[in-house]
Structure formats: structure tokens, C-alpha cells
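Asks: Sending over a structure as C-alpha cells; questions will come in a sec.
What follows is the structure, given as C-alpha cells:
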């Protein structure tokens, strides 16, 4: 092929450690050679599935265990409860020799349930529905002192992770040991959790998760399907396969909780926010916690705040699990749209208002780049357009903290010059594998082609789970430490043999040099080893001296078109600027940003879990009516890897999903002149907004141009 | 799926014979592409004990795509890709090509598309016993009915799922049938009156097979689907228009609405208002298409569809008039 | 079409053998695994004279996959995807939604992409089946697969076999597709990680065309030039 991929996205050229490295397992994935947990299918294995309640709340009257056991292929029926608190709640499990036996056995159970009354969402709660409480004394004073004030109510839906590989594991006996092939975000989490169900000690358990088909926060525990698998493996002594089907995946593997946010805000004519009260309600299904939202985020000056007013609302649905940037996309949607509403009320450019309210130096510079790339100068005043297709522009922001975890990475230097990087942590699609390989290669000074990376196996050195965006920031220092040790060992050998000063030696593209003189090739230096050399680098989980502390930040700008006759929203372009300290592998870093933007766009436009209001059954537990963005809905995306003086490998996985829905909602507001305060931005909601009067402007000034804002 | 036997008869008479419910099997069912059948079986809605595969019948007329006739076994992909149809009746290729996904269109057949069951989520979920099954009430009425009707033509609030049926309706289409007493049924008569029979998918007996569809040619015909997602998604509302033109005057129009009623929903009041109107007369066309919602009785949750329907019809009319290739969301 | 959806009772029945049909029906309360003597050769029955009835017990079935003839024994109530993954150890095509909504199970049947989860294995006998493994292997990858890796057109990789299969079929019939045609051809393949723009570029480059710097037909390129 004649085209050089390195020319793509010139804006990111030279911004990462490995600008041209290609994902190490890309070809394995593209050829189907990559084997996931779900692919571990053996002829003689047992199949396990949970017995689940079909209603939001119900009592089990009867089930026919005998008929199930008499079904060909069924081996075991375990029933441990008789009531269900949500659609998908489990009361036991079934084990069968094959898939059909499993299905037919479940049907033969002929479970009869008496449906009970149930709650189906935040709005079943009286306080949530009702008016706001009065603000605290201080906030009330600030709001009253402001030139203007208003109240608004925003909402976001339950979003399911919808990983394409469902939750589950396959366990097979291996002598005294058990090998657990898991779809997980935590190799060592599975290793720790499965033992008590399997009835095996940790030392007898091996977890394999070399390839994982997505997680997005939902796969930090073995879940009920894992527990049932373990129990079945224990009682049968045979290989067991326990994976959720797609319906179960929607019902009972966690979700991003819904949010209702009531705001009472006071602002001045120049956009300064004097004070605000936020009341938030999280829809946490049957769980008692986990529904919080990060609003306000702290990125903008809100004056006197009365903000820690949160309550989780229980109802009869599956409870939440962390989902990519928990609490943040929903919080950003509220906060950013609120700021745009204030800007509009005051006749201000929302970008200009953000510049005043946001004290982050870095984001100020990002605003300028985002505006330039999206063409902010083409933005029409909010609500000024007529006609069918109206174009809107909007902004969103993010920041992410500096969480770290302990990690160990082993590097083995082989006598043929090959380097094996070994890490027990997992690559759920983030490119962890490639990042480790590229970092070691760069740190030592050899081409990536010299490197292979073993990953996702509990026999390998321990590393963190893929969550909180701490994984790469934690494995990177360990990898660097290991690389340094490996490098030192080889250079010491060369120095000793050739009577040189090891501190004066460098390695450059696989050649050991002294100053400008070539001393020996890497492979030849390694050939002198009598056997492979293993070194292990460790990171203790705290920010260390050479490693920059700090957070990641981002700004996104979206351009949309709204068909005002139909309410359809088309996202045309998203500029996604993301700082993450030192990006390691350009291609995979861009992909993380792009993936976050696509999930954020899907969240903005399409996704919501729908419960039947009467029975609490989930009506869209499938990938047809639970709508996920597809190829024809995908915007143009420019991921920008932001480099400045920040050192250290920082969070990248989650921040890019935070600003997108906010930017899109703002763009829709700009296009149609009315805010749509509820996600998803469905056509019926856009049409309803269009039928309302234009959003209020309380300051009677001519809107300033972007240029005037920039000068302000 | 429960166990079933499988057979591939060599001709349609054998197939029809096998499909008699009082034959050798209690629940025989005919299958062409099987896209909807397999869905219903996996959901536990249907448990046939014999599947009669129609794909191996060696009869090229079952697959042929001609300017005025399409074989019942022709796939949606074949209909969408047909040059002959693009000229004679572009509405058909557009409707077929907009359905589902490329993978589904390679397997789903014309007959299957006409006879598929509703997508109503209460009907599709086996734990609900709704009116259309054996229950007493339409569960959508007090439930979540955002995708349901604006014309309550019967007690069941489902919308008809077929992309092709309304297209054939405006082309005065009829189906060719074997295996029963009759050989032709007009599209209009293929589906029973929902006020009288809201449970049957069609008027066909279990042994009847649709071997083809016939229709008049209409070079100025177009289809518009308004979808929330532009990738795989069912239309919120769709519009169909077939025009006869004399210069730039519409001498006669046939329009139909999709996804708003339990059966394909023709719009005679729109047709009447379009007669004699110039294709450049935006005001009169717009006014005519507003009549599409005459008689609409939307549910609380489908009011938005009453806004969408006149738009879909108007865009279909404009597309048909201009002979441009119909696509969704185009400019007014 | 039958409307009756009562569950199958499962009791054995004696059948009349009609003059034109050769019946082979045994009650399902028997063993789930067929022996050699009980199983019939499904393919021969399908292609020879009068229509045979296969099953409901497991029967010997033969599929032509990636140029190879693969034999296994399974009941007619087996989808093509299940036959590939569970009987033939071909795990490239994935089980994702089991309802044809996502394209993760896409294989080619007679060179056309289909969702194998919604096709019976018996519908695919005698036809040419191609899975991602038949498009290219690690040791001998197709240029499309190389381009997919080069352009980082995958993250977790679970949708990738289906995407490669759909894209390969597109290139076979449309060797120089434009961006709109690529989007349309892939509209039945969902990617949850969000790799679409890179997939589009991989397909463009695999077909010998230049990638779009940022895949859309509007907007400015990063360098500031009009696209």
C-alpha cells in the first residue's frame, strides 16, 4: 500500500512516545485468531444460566423442577429464592450438557410468578417530582443578590454498558488446578473472587483473559453468572461455561444510573454566577448507592454553592455499576447546558463566558484551539436561524484526577535479542498491551519489532484492574523501571567485556553506542547471555519523583445539524482535545479519544433503558431497541493529543467520554434556540422544544461577536 | 428453540401439503429467509415442530425481479439492487433498501417482509400476554407506546412493520398465492380489518404461499423513512408516494403512511388534494400533505408522529416529483 | 403460517408414511446424542430425490466452510453460528446479540454477508460459507486485515471479525467504494468501543484509495485546508 498511515492526523504527529506503533494484537483481532473467554467452547463442557424474574417485582408461586430435570441434557437445578425485585433478578441457576438443553430446561421450569406493584424510575419518588427545597442561607443570599435567577430541571437516562462480549467465564479443570477464562476488567479480581465458589485456593486458580470484548466499568466482579459458574464447576468437577446472553446483559450487569437534577441559580447581567443550589437524584434501581453525579464539577466558578444535596432513589430495576467516568457525563451535561443557558440569557457567547468562569490555564488554550478547529466563527447566535436544517455549535469540558495503583512488570531478555514484557493486567481494548511494549522498547532503545507482550494471565506479575483510568498511569512507571533494569543489565555486560564505562553507553534503535561510535548490536550483546535474564519493575502506587503528578483535561466542540421539521439531530463533527500527560502510543491514544466521543454521542442521541411503567419489565433488553450508534450516525472526529509541559502518563480512558453529550446538547440549543434538558435528545423532545417559545433573553443587549468576546 | 424437524420440498405443492396443520405434524411452518421466524422462535413465541424450507425449490419465477413483478422469494437486496425496478418503480427498491441491515437484506424475502409479525415490544416479549395473543388488553395503551399508532383503527395499537406493503399499496399491488383456493389477493385485502381481526398476521391460510407480487409501474414514486438512528433502526414514520405527472402537474397521486397504523394506511384525502396540483406549488403540496393526519387519534406518547407524518408524506411527494433517489431526512 | 404458539408437548408419536415422503421422526424424549445408526446424512437427503425430513433428533450435517468440508452431528434446531462455533471450532464469528441486530456473527454465504445467528445451519448446507478465518490468517493476512491493524480499526476486537467480513464482501462487489458506500455497507455492524472512522479509512486504503483525513464530506482538514 502506498499511503503512509503516519501522515494521518498531522496535528498529533510527534506527540507520543511511539508515533507509528501499530496495535500489537491488531492482526490477531482482524483475522479472528484472538480467542476471547466467550470463545472457549468445549464439546463436553456444562452450560450454566441463571433463573430470572421476568417482572419488576414478583413472587414465585411455583416452578417445575422435575420437568426441568427431565429435559434432555439438564444436569442440575438450583433454586435459592422465591422473589424477584427486578426484571432479571435471579433465584437460582440451571446446569445442562448443551445450549439447547439449557434453554429447554429453563422453559420446562415453567416458573409461575405473581406480579406485585413496583416502582420504575426516579419520578416515582414524590420528592424528586416535587419542587426544590429552599437554598441554604448563604446560597439564597447570593442568588437573591444576583441580577437574575432561574430554576431548571435536567435529566439523563439509565445507560447500559452493552459490551459486545457479554459477562461470564469458562472454567476448566487442569489437574488440581482450575483455569478460568474470564471476560473481565480485572485478572486478579477474578482470581480473588472465584475461589470461594470453586472451592479452590487462590494458588490453584489460573485466570486467563488475554482478550476481553469490552467492559466499560461493568466487569470488576465475577457477578452472579461467575458465582454460578464456580458453584457448578465445584459440584460437577467438569468444565463449565457461564455467559450471559444479550438480554441478561441489559438486565443485570449494571448500568450508568439515571439522573434528575434541579437547579436554582443566580447570575448577573455579565454572566457571573453568584450562587446556585443543586439537588440531584440518582436512579439506582434496587441498589442503595451509586447514583451520584459530579455536578458542579469544579471547573467553573459558581459563587456560593449549595451543592451536596443528593439522594439515590430506589426502584425495581437492576442496580448501577461504574460506567466510564461514573457520574461525569451526566454531570457535565447539566453544568455545561446550564452555562450555555446563562450565556444566552445574557446575550453572551458561551465560549467567552467559559473563558471568564474557568480558571484553568490549559483549558483556556484548549478553548482557542477547539474554536479554531470547529469553525466557531461560523456559529450563529442562538435561536437566530430559520429554515429546516439549522446548524449549531457547542462546547463541553472535562478533567480527570491522578489515581494510581500498585503494578509490577517483568521483562525477560532472551539471548536472541528478543524482549518479552510480561504483565498480568488486562487489555480490554485500551491498547494496554501495545503501550507496555512500546514503552519498554522506547525506554531501552530497541525497535518495537524486538518486543512481544504477554498479558491477561494471573500467573504473570500483578497489575491493576482497568478502571478509574489508573491502569496505564500505573503500569507505565513499572514498565519503565523494568526497562531500565533490563537495559542496565545488558549495558553492564557490554561495559565489562569491552572495558567501557557503562554510564557512557546509550542504545539507539537497537545499536549500543559510545558517543557517536557503534559498539555492538543489541542482538549480539544479548547473544552473550547464557540464559534469559528476567527483571521486574515495580510501582508502589504513589506518584514518584520522576513521574509528574497531575490530572488530565479536555475540551470538546461539536457541530450538529437539526432537522427542525422532524426533530432529528445529526452530529456532523466533534473536535476532541485531550491532555493525558505523555501519550504513549499515538494510534491507540487517538482511538481512546474517538471511542469516548462515539459513546458520548450515542448517549446524547440514542441510548436509554425503557421500563414498562406497569410491570417494570425492561422493554428494550436487546441491541435493536436499545439503540447504539452505528456507522451511518458517526460524526467526523478529530482527536487532538494535547502536549505541553506535563510529564508522566496520565488518565486517558475516561475523560474523553465526559464532554461529548454536553457539547452536543449545547449545539442543539444553539441551533434551535431552546434547550433540550433531557437526554437522549430524541426527535420527539426536540419537536416539543421547538413548539415552546424561544429561550428567554433577560439582558437587552446586542449579542457580542466571538471576536468581541475574545478581546474581553 | 424447541426441537423441530426440517424439510426442503422441491416444489410449492409439496410445501403447501406439508403445511397443513392436520398433517403429520402438529405445528408445521413455512420458512423462506427465516429472519422473523427465527426471532419468534428464539423469543419463545412460536414452537413449530416442522420447518418447511422454501429456499431450495427450484423455480426461478420465485426469485425473478421484473419491472412489474417480483418473485416472493426475491431477497430485499435483490429488490434494492434491481436496475429494472429503479426505472419502473423506484419506490420498491428504496423501501427494500432502507429496511434493516445489509446482512438481513441478503436473506429476508419479499414474502417474508409482507408477512412478518409486529415489532411491538409487548407482543415480542413472551412474558406479556397482550390482546393480540390471548389476553384481554392491549398493554401498550397504558404502557410505553412511543413507537405505536396514531390511527387507532382497532383495539390493538401495533404499527404494521412492513416497508414493502405500503409501497405495493400505492402501486395497486397484489400477491400471487398458491396452496389454497385463490390465486391473487390485492395488498389491500391481504391484511384483515384490524377492527374485526387484530390477531391474524394476514388472511392467508397456513398452507398458502406467496409466490410473487405484481404491481403497476410508476417511475415517479418514492419512499421516505424518518428514523431516529440512520444505521439499523425501524422508521418512526414513513411516507410513500406514487405520482402520475403531465408535465409538472400531478394528474393523480397515491400516497400511503407507514408505521402509524396497524395496517398499511392509505391517504385518500391527500391523494384528492394533490390532484391537479403543480409540483412547484409548495404551498398547496404542503397543505395537501397536512391532511395526512385527518382522523388521527394519537396516543399520549405518539403525538410527535402527527408532526412527522405530513413531513414524511411531503418529502416522499417531492422526491417522487423530482425523480431524485429518495433518502431520509432530505431537505423540504 | 401457524398462529398457535403452545409449547411442544414432547410426547412420541407414530406417523403414517406417505407415498411421497420419507419420514424419520422419533420422540424427543430419547437420548440427545444420536448414534451412527440413528443419524441420517442430512446433505444426501436434501440433494437426492424426494424431500426427506431431517430430525428432530441430531443428524449428520456437512458444511463447506472456508473451502473445507466439515462434518458434525447436530439437531436441526441449530443456527449456522452455533454450528460454526460449537461443532466446528470456528470462533471468529462472534455471538453478540443473537438477534441479527449487531452483525457480530457476520459470515459470507455464497459471498454475501449474512447474520449467521439467524440462519439455520441446515439452510447453509451446500452453500459456500466464508468466515473471517477464510479471509486471511495471522500468517497470511488479507490486505484489508493489514489495513485494519495499521489504522487501528479495532479496540477490544469483538466486532472486528464481523466488520472485516462485511467489508470484504463490499470490496468484492465494489472495488472502489466511496465513504457513503462504506458506511452503508457497515450499517449492520455495531462497534461499542467506537472505531468507525478508523474502519472507514482501513477500507479506503485497502481498496487502494487515500484515507480521508477526517472521514466526512464536510469540514476543514486539520491543516486548515478546505476538505
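Residue numbers (this note's numbering), protein chains in the order written: chain A, 1 to 712; chain B, 713 to 1044; chain C, 1045 to 1271. The beta-carbon is built from N, C-alpha and C at its ideal position, and this holds for glycine as well. Source: prediction; values computed, not measured.
For residue 1247/C, list the residues DSSP reports as bridge partners.
Replies: In the DSSP output, where bridge partners are listed per residue, residue 1247/C has none listed.
Asks: On a Cα-Cα basis, can you pick out the residue from 1250/C, 1251/C, 1113/C, 1246/C that is closest to residue 1171/C?
Replies: Nearest of 1250/C, 1251/C, 1113/C, 1246/C to residue 1171/C, Cα basis: 1113/C.
Asks: Nearest to residue 281/A by CA position, among 465/A, 529/A, 315/A, is which residue?
Replies: Out of 465/A, 529/A, 315/A, 315/A has the C-alpha closest to the C-alpha of residue 281/A.
Asks: Closer than 9 angstroms, Cβ to any Cβ of chain C: which residues of the stretch 923-952 of chain B, in chain order?
Replies: The stretch 923-952 of chain B vs chain C, Cβ under 9 angstroms: 942, 943, 944.
Asks: Among 517/A, 415/A, 76/A, which one has its Cα closest to the Cα of residue 527/A?
Replies: Closest by alpha carbon: 415/A.
Asks: Any chance the stretch 530-537 of chain A sits against the stretch 398-418 of chain A, with 3 or more Cβ pairs inside 8 angstroms?
Replies: Contact holds: three or more Cβ-Cβ distances are below 8 angstroms.
Asks: Could you name the residues of chain A that residue 1227/C contacts, counting a contact when the two beta carbons are closer than 8 angstroms?
Replies: Chain A residues near residue 1227/C: 631, 632, 634.
Asks: Beta-carbon separation of residue 1053/B and residue 733/B under 7 angstroms?
Replies: Chain B is shown from 713 up to 1044; residue 1053/B falls before or after that span and cannot be answered.
Asks: Give me the Cα-Cα distance between residue 779/B and residue 791/B, rounded to the nearest whole angstrom.
Replies: Near 10 angstroms, if we compare the C-alpha coordinates of residue 791/B and residue 779/B.
Asks: Following the continuous alpha helix (DSSP H) through residue 666/A, name the residue where it begins and the one where it ends.
Replies: Residues 660-672.
Asks: Just by C-beta distance, which residues in the stretch 604-625 of chain A are closer than 7 angstroms to chain C?
Replies: Listed by position, the residues of the stretch 604-625 of chain A near chain C (Cβ gap below 7 angstroms) are 622, 623, 624.
Asks: Where does residue 911/B sit, in a helix, a strand or coil, going by DSSP?
Replies: In the structure shown, residue 911/B sits in coil (DSSP, three-state: anything other than H, G, I, E or B).
Asks: So, do the stretch 382-392 of chain A and the stretch 662-672 of chain A have three or more beta carbon pairs nearer to each other than 8 angstroms?
Replies: Yes, the stretch 382-392 of chain A touches the stretch 662-672 of chain A.
Asks: Below 7 angstroms on C-beta distance, what does residue 687/A contact in chain B?
Replies: Near residue 687/A (Cβ distances below 7 angstroms), the residues of chain B are 1016, 1019.
Asks: Between which residues of its own chain and residue 251/A is the CB-CB distance below 8 angstroms, once the five residues before and five after are set aside?
Replies: Hits under 8 angstroms: 52, 86, 87, 88, 318, 618, 621.
Asks: Pick from 660/A, 650/A, 179/A, 268/A: whose alpha carbon is nearest that of residue 638/A?
Replies: Of 660/A, 650/A, 179/A, 268/A, the residue nearest in Cα terms is 660/A.
Asks: If you measure from the beta carbon of residue 898/B to each beta carbon in chain C, is any gap under 7 angstroms?
Replies: Chain C, which has no Cβ nearer than 7 angstroms to the Cβ of residue 898/B, makes this no.
Asks: For residue 75/A and residue 736/B, what's the separation of their Cα atoms in angstroms?
Replies: Between residue 75/A and residue 736/B, the C-alpha separation is close to 32 angstroms.
Asks: Determine the closest residue to residue 868/B out of 972/B, 952/B, 955/B, 1000/B, with distance taken between C-alpha atoms.
Replies: Minimum Cα distance to residue 868/B is reached at 972/B.
Asks: Note down, in chain order, each residue of its chain lying with its Cβ closer than 8 angstroms to the Cβ of residue 376/A, except the 5 sequence neighbours on either side.
Replies: Once the five neighbours on either side are set aside, the close Cβ partners of residue 376/A are 351, 370, 393, 557, 706.
Asks: Below 8 angstroms on C-beta distance, what does residue 1220/C contact in chain A?
Replies: Within 8 angstroms Cβ-Cβ: nothing; residue 1220/C doesn't reach chain A, min ~14 angstroms.
Asks: Select from the stretch 815-842 of chain B all residues with a C-beta closer than 7 angstroms to any C-beta belonging to chain A, and list them in chain order.
Replies: If the cut-off is 7 angstroms between Cβ atoms, the stretch 815-842 of chain B has 833, 837, 839 near chain A.
Asks: So, does the CB of residue 646/A fall closer than 7 angstroms to a CB anywhere in chain C?
Replies: Judged by the 7 angstroms Cβ criterion, residue 646/A is not in contact with chain C.
Asks: Under the criterion of a Cβ to heavy atom distance below 6 angstroms, does residue 402/A qualify as lining the ligand MG?
Replies: The model on display carries no ligand, and the ligand MG is accordingly not part of it.
Asks: 7 angstroms is my cut-off, CB to CB: does residue 1124/C come that close to chain B?
Replies: Chain B, which has no Cβ nearer than 7 angstroms to the Cβ of residue 1124/C, makes this no.
Asks: Mind checking if residue 112/A is an interface residue toward chain B, Cβ cutoff 7 angstroms exclusive?
Replies: Judged by the 7 angstroms Cβ criterion, residue 112/A is not in contact with chain B.
Asks: What three-state label does DSSP hand residue 181/A in the structure shown?
Replies: In this structure, residue 181/A counts as strand in the three-state DSSP scheme.
Asks: Going by beta carbon distance, what residues of the same chain come within less than 7 angstroms of residue 367/A, once the five residues before and after it are set aside?
Replies: Closer than 7 angstroms at Cβ, skipping near neighbours: 351, 354, 355, 555.
Asks: Using DSSP with H/G/I as helix, E/B as strand and the rest coil, what is residue 946/B?
Replies: Note: residue 946/B maps to coil in three-state DSSP.
Asks: Which residues, in order along the stretch 105-131 of chain A, keep a beta-carbon less than 8 angstroms from a beta-carbon of chain B?
Replies: Answer in chain order: 107.
Asks: Could you pull the start and end residues of the beta strand (DSSP E) that residue 579/A belongs to?
Replies: Counting along the chain, the beta strand (DSSP E) containing residue 579/A begins and ends at 568-579.
Asks: For a cutoff of 7 angstroms on Cβ pairs, would you count residue 750/B as touching chain C?
Replies: Chain C, which has a Cβ nearer than 7 angstroms to the Cβ of residue 750/B, makes this yes.
Asks: Taking the straight line between their C-alpha atoms, what separation do you get for residue 23/A and residue 597/A?
Replies: Cα-Cα distance, rounded: 20 angstroms.
Asks: Which residue wins for smallest C-alpha separation from residue 1209/C, given the options 1169/C, 1196/C, 1163/C, 1192/C?
Replies: Among 1169/C, 1196/C, 1163/C, 1192/C, the Cα nearest to that of residue 1209/C is on 1192/C.
Asks: So what does DSSP say about residue 773/B, is it helix, strand or coil?
Replies: It is helical.
Asks: If you measure from the beta carbon of residue 1118/C to each beta carbon in chain A, is any gap under 7 angstroms?
Replies: No, because no Cβ of chain A sits closer than 7 angstroms to the Cβ of residue 1118/C.
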